[in-house]
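Quick note on numbering: the sequence shown equals residues -19 to -1, 1 to 484 in mature numbering (1 follows the signal peptide of the UniProt record, and there is no 0).
We put the beta carbon where it would ideally sit given N, CA and C, even for glycine.
Keep in mind the model is a prediction, meaning the values are calculated, not measured.
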Amino acid sequence: MPAFSKVALFSSLIAFVAAQQPGSVTAETHPGLTSSVCTRSGGCTTKNTKIVVDANWRWLRNNEANKYNNCYTGNSFDATLCPNNAACAANCALEGADYSATYGITTSGNALTLKFVTRSSTTNVGSRVYLMDDDTNYTMFDVLNKEFTFDVDVSNMPCGVNAALYFVEMDKDGGMAKYPTNKAGAKYGTGYCDAQCPHDMKFIAGTGNVEGWTPSSTDTNAGHGKYGSCCSEMDIWEANSISNAYTPHTCRDTGLFRCGDAVTCGDGSNRYAGVCDKDGCDFNPYRQGNRDFYGPGKTVDTTKKITVVTQFITDDQTATGKLVEIRRAWVQNGVVIQQSKNEWPGIGDFNSITEEYCVNQKNVFGDNPYFNLNHDGLAGMGKSLKRGHVLALSIWADHAAHLLWLNSPYPVDADPSLPGIARGSCSTTSGDPNELIQSVPNSSVTYSNIKIGELCSTFGSGVSIPSALCGPYVRPGGKYLFLHPNGVVSVASQTRKFPNLAS
């Protein structure tokens, strides 16, 4: 992730308490970004929420008084200030952010715009922010038996650039209570984790990640440490103007887990042995066979603003029930558009994510069934969501796979006519971040009108909502999942039992 150079001055090392320090040079002021909580009977109530930029993007400097030399420059740590993880946490401070000038992050009312490349005295690429209740706490979302809605403009998001909005099982305070060495907390955007167990975090669990740090060969701002920062992740939205997907990813452990070896982290050839399911179970309309649903001038027209609705359906229609379905719906020009249906034989007539869909999709596409077999599938995602998640909003480019997994045929050497290979119409030679920085630096995404509430309460006034979106899970073929407590549903080669649903 980007780091930003300030005045480089040599200084002697002074040891402080081993802690991830807040800075004292630049004040941290969180931009306002309002959000709403909705009910069907009472409408929507505005909350005065805020945003904070992730700690990994911040200036990390010598914490000694009147010293301004960097702890991290380019993609490397300073060997004197950061000889090991504990010393780095003791000697380095996270400074406040100039959101607009340095990071290209601006807000207005309920709208947030993130620029891909921002050039000032330095060059910033991408950003990630979190929604906050106040200056020291993230907003925690429990979405079971609810719907989460936002507006998005991806008209200026070309191939290879990803606008990602998602939930992760971070701590409300950024980890301050759990990790006493973290003195910066949510105020400075600490505590990030996701299901990819990222190794590029400069700090994890209140201590540095400098030991074993290797600078990236392709990213002048990033590197990889020994440790990864793992937690369950619900990708509500990964998209550009060409393709989109939503994907649950579950992990074995609760909350943030610091992995420290290739197997546990799921690195490389150990991808399907780690604590987290990195593939997840995705629904990308293009990948599911509908090439005309999403994109410029298509059913969901990405040249215009889009309202994206995601519903989390439980087996008993309560917030304590088992997650059995994740639905997607859209609103554009005042009209509700239901999600496109899968068109590949053998998967089923699904237009949402369910356990049955995930099993069948993995089987037909030839994907590893790690989501279903090793991480409790959709039920595991529900358990994680019930514990509470933080909302992350970002824009980024992919140094590992050039975003081909989202918007192109992938793997690139596979036949794109085969089920699940084509994910979008972008070229397999697109998406190199260093080329994108030069060719499309002004790419941007605007997220707005973030809402959470009861089912069918967030679509907007005057919108006619299909009744199917306001009720319980309906299996393809029109049958409700109303089963007796000992009822059985056959799921591919497995058998699943579901408790009775309330009517």
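Roughly how far, in whole angstroms, is the beta-carbon of residue i from the beta-carbon of residue j, given that I think they are within contact range, below 8 angstroms?
i, j, result
"Asn91", "Ile307", "Not a contact, Cβ separation roughly 24 angstroms."
"Pro397", "Ala165", "Pro397 to Ala165, Cβ: 46 angstroms. No contact."
Taking the C-alpha atoms as reference points, what is the distance between residue i and residue j?
i, j, result
"Val218", "Ala67", "The amino acid occupying residue 218 in the given sequence is Trp; Val does not appear at that position. Roughly 36 angstroms separates the two Cα atoms."
"Met113", "Gly278", "35 angstroms"
"Val244", "Met362", "22 angstroms"
"Ser89", "Ser438", "24 angstroms"
"Phe131", "Gly241", "36 angstroms"
"Glu128", "Ile433", "6 angstroms"
"Thr195", "Phe58", "10 angstroms"
"Phe463", "Ala74", "For Phe463, the predicted model reports a pLDDT of 33, less than 50, meaning its position is unreliable; a value from the coordinates is still stated below. Going from the Cα of Phe463 to the Cα of Ala74 covers about 55 angstroms."
"Thr409", "Leu93", "31 angstroms"
"Ser101", "Tyr49", "19 angstroms"
"Leu237", "Cys174", "6 angstroms"
"Lys343", "Glu337", "10 angstroms"
"Ala254", "Asn349", "11 angstroms"
"Thr20", "Thr117", "27 angstroms"
Is the beta carbon of residue i sitting closer than 8 angstroms to the one on residue j?
i, j, result
"Gly206", "Glu192", "yes"
"Gln310", "Leu450", "The residue you asked about is not Gln; residue 310 is Ala in the sequence shown. Going by C-beta atoms, Ala310 is nearer than 8 angstroms to Leu450."
"Ala36", "Tyr147", "no"
"Ser213", "Thr228", "no"
"Gly358", "Asn341", "no"
"Thr427", "Val133", "yes"
"Met215", "Val371", "no"
"Arg39", "Cys52", "no"
"Tyr267", "Ser222", "no"
"Tyr119", "Gly155", "yes"
"Cys339", "Cys257", "no"
"Cys140", "Asn388", "yes"
"Gly55", "Thr201", "yes"
Going by beta carbon distance, what residues of the same chain come within less than 7 angstroms of residue i, once the five residues before and after it are set aside?
i, result
"Trp325", "Gln269, Gly270, Val345 and Pro400"
"Pro447", "Val317 and Gln319"
"Thr7", "Glu76 and Gly77"
"Val281", "Phe274, Tyr275, Ile287, Trp311, Gln313 and Ile318"
"Ile418", "Val98 and Val106"
"Pro179", "Gly209 and Ser210"
"Thr26", "Ser17 and Val18"
"Gly443", "Gly315"
Going by C-alpha to C-alpha distance, which of the options sits closest to residue i?
i, options, result
"residue 518", "Pro390, Thr171 and Pro196", "The displayed coordinates of the chain run from -19 to 484. Any statement about residue 518 would go beyond what the structure contains."
"Asn332", "Thr284, Asp282 and Phe264", "Phe264"
"Asn423", "Pro266, Val135, Phe352 and Ala60", "Val135"
"Lys28", "Leu14, Thr20 and Arg21", "Leu14"
"Ala375", "Asp79, Gly85, Asn56 and Asp234", "At residue 375 the sequence reads Ser, which differs from the Ala that was named. Residue Gly85 is the option with its Cα nearest to Ser375."
"Gly452", "Gly255, Leu436 and Ser445", "Leu436"
"Ala373", "Arg21, Ala145 and Ala300", "Ala145"
"Thr235", "Tyr351, Thr26 and Lys367", "Lys367"
"Leu95", "Ser102, Ser81 and Lys183", "Ser81"
"Ser429", "Glu9, Thr10, His11 and Ile32", "Ile32"
"Tyr454", "Gln292, Lys183, Ser210 and Ala378", "Gln292"
"Pro161", "Asp115, Pro457, Thr20 and Ile185", "Ile185"
Using only the heavy atoms of the ligand HEM, determine whether one of them is closer than 7 angstroms to the beta carbon of residue i.
i, result
"Tyr111", "This structure lacks the ligand HEM, and indeed carries no ligand of any kind."
Beta-carbon within less than 6 angstroms of residue i's beta-carbon, same chain only, minus the 5 sequence neighbours each way: which residues are those?
i, result
"Cys69", "Cys63, Gly189 and Val191"
"Thr199", "His380"
"Gln177", "Lys259"
"Thr335", "Glu306"
Whose C-beta lies closer than 8 angstroms to the C-beta of residue i among residues of the same chain, with five residues either side of it excluded?
i, result
"Val158", "In the sequence on display, residue 158 carries Ala and not Val. Within the same chain, Ala158 has close Cβ partners Asp152."
"Tyr391", "Ala382, Leu385, Ile402, Arg404 and Thr409"
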